[in-house]
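If you want the working numbering, it's the position in the sequence shown, counting the first as 1, plus 92. What follows is one structure encoded as structure tokens, with my remarks underneath.
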Amino acid sequence: MNLGIYLPIAGNSVNIFLLLGLGGAVGFLSGLFGVGGGFILTPLLIMIGIPPTIAAASDSNQIVAASASGTFAHARGGTVDFKMGIFLLIGGMVGGTCGVKLVQFLRAMGEANFVITITYIVMLAGIGSYMFYDSLSSMRGERSADSKEEKISERPSLYARFAGALPWKMEFERSKITLSALMPLFFGVLVGVLAAIMGVGGGFIMVPVMVYLLRMPMHVVVGTSLFQILFTCMNVTVMQAWMNHTVDFVLALILLIGSVIGAQIGAGVSRKLKADQLKILMSIIVLAVMVKMLAGLLITPAILVSLKGGH
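Set out below in structure tokens:
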């Protein structure tokens, strides 16, 4: 019995249950951590033979469904800061549009696949390492909540002085913080660009940004991240399909069927875990994917060289 389904844009056949399973697993992570899941799904699709540009663009499409499902679940629990999410969203739309144009330029230069892979490895390594160190230290009790607050208030960092000097101060009631509206706008642009280049909702970057730079509470971060991911990826998907013709809708449809179900389950589990447990689990997954991609980048050329040498 042939369970393979032909993907017209990707140009190959893949087992339908494998795709459904991948979508379900990534949807679960989406609801659990407040990420679109693209930082895991895109490299997994590349590993099963989907071209990187097709994997990145098609993944953005299925993230729309996963994040919509997760946002709905978190909104019911009152853990979405819609005010913050709107500012992040505006920036994300601008950044996503610029990112799609950058991908178009890279494809014309013939460097798109290489840039996507390298960008993944660098971002995953940096973010995963920092989150793992921070959450592990906190779980071991090396830094109490009080000492964290003292360090934050005593640290006369350039970032703290810069953030405090910015105009357009605004109170975000749901997150219980006051900061300049320019900050979420800027980070939204940054994440939007990465969403287009890497085929991700940007959650694995946005979650650490919200926690460590915007100082939002973790339980609000997850739902708010999914809210902005939903609309950022809608914009990226339309732009990729229109300008680059790299969205395989058959692939995206199969993935999103699994991801919608997985996101509901993940959101339920998220509300039962502590903030540090969520952060350390996410960091382990991020680092594991990074190691796998780095190994693929380093090992494959060596194999190709040996094959050519054999001929």
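In this text, a Cβ means the ideal position worked out from N, Cα and C, and glycines have one as well.
Among the options, nearest to residue i - alpha-carbon criterion
i: Val378; options: Ile213, Gly162, Gly115, Val195; result: Ile213
i: Leu194; options: Pro259, Ala157, Thr211, Ala288; result: Ala288
i: Val268; options: Met335, Met310, Ala257, Ser230; result: Note that residue 268 is Lys in the sequence shown here, rather than Val. Closest option to Lys268, Cα to Cα, is Met310.
i: Met262; options: Leu306, Ser161, Ala160; result: Leu306
i: Gly115; options: Gly103, Pro100, Pro143, Ser161; result: Ser161
i: Gly350; options: Ile101, Phe109, Lys364, Tyr225; result: Phe109
i: Gly170; options: Leu348, Ser227, Val312, Arg253; result: Val312
i: Ile346; options: Leu137, Val192, Gln320, Leu121; result: Leu137
i: Ser229; options: Leu390, Lys371, Met302; result: Lys371
i: Phe254; options: Phe264, Ser272, Glu265; result: Ser272
i: Ser122; options: Leu216, Leu258, Thr316, Arg232; result: Thr316
i: Asn107; options: Ile391, Gly96, Ile101; result: Gly96
i: Ala148; options: Ala344, Ala257, Met302, Ala387; result: Ala344
i: Val192; options: Ala380, Asp368, Trp334; result: Trp334
i: Phe120; options: Asn104, Arg168, Ser362; result: Ser362
i: Phe264; options: Ile182, Asn327, Phe174, Met231; result: Phe174
i: Leu99; options: Pro143, Ala117, Ala157, Val186; result: Pro143
i: Leu286; options: Thr163, Thr189, Val118, Ala157; result: Thr189
i: Gln356; options: Ser105, Leu111, Ile101, Ala117; result: Ala117
i: Thr163; options: Val186, Trp260, Ile321, Pro135; result: Ile321
i: Met302; options: Trp260, Ile219, Met382; result: Ile219
i: Gly113; options: Val352, Ile376, Arg199; result: Val352
i: Lys384; options: Ile101, Asn104, Thr134; result: Thr134
i: Pro259; options: Leu250, Arg266, Thr270; result: Thr270
i: Leu348; options: Ile101, Asn104, Gly103, Ala158; result: Ala158
i: Met374; options: Asp340, Thr329, Leu216; result: Leu216
i: Ala380; options: Ile132, Ala165, Gly103; result: Ile132
i: Arg266; options: Ile297, Met231, Arg232, Met308; result: Met308
i: Ser227; options: Ile376, Thr329, Ile297, Leu386; result: Ile376
Extent of the continuous beta strand (DSSP E) run through residue i
i: Val172; result: It is not in any beta strand (DSSP E) - Val172 carries neither H nor E in the DSSP assignment.
i: Ile97; result: 96-99
i: Leu271; result: 269-272
i: Met262; result: 261-264
Supposed contact pair residue j and residue i - C-beta distance, whole angstroms, cut 8 angstroms
i: Gly284; j: Thr324; result: 6 angstroms
i: Gly184; j: Gly280; result: 4 angstroms
i: Pro300; j: Tyr225; result: That belief does not hold up - the Cβ atoms of Pro300 and Tyr225 are roughly 12 angstroms apart, past 8 angstroms.
i: Leu124; j: Gly358; result: 4 angstroms
i: Met382; j: Val156; result: In fact, because the Cβ distance is near 25 angstroms, the residues do not count as touching under 8 angstroms.
i: Ser150; j: Asp340; result: 5 angstroms
i: Val172; j: Phe319; result: 5 angstroms
i: Ile146; j: Ile210; result: Contact flag wrong, Cβ pair sits at about 18 angstroms.
i: His166; j: Val314; result: 6 angstroms
Residue i, enclosing alpha helix (DSSP H) - first and last residue
i: Gly360; result: 341-362
i: Gly113; result: 108-125
Interface flag, residue i vs chain C, CB-CB below 9 angstroms
i: Leu133; result: Going by chain labels, chain C is absent from the structure shown, which holds only one protein chain.
| With contact counted as at least three CB pairs below 8 angstroms, one residue from each stretch, are the segment 268-276 and the segment 176-183 in contact? | At 8 angstroms Cβ cutoff, the stretches touch.
| said: Going residue by residue through the segment 277-330, where are the continuous alpha helix (DSSP H) segments of at least 4 residues, counting only ones entirely within it? | reply: Within the segment 277-330, the complete alpha helix (DSSP H) segments of 4 residues or longer fall at 295-300, listed in chain order.
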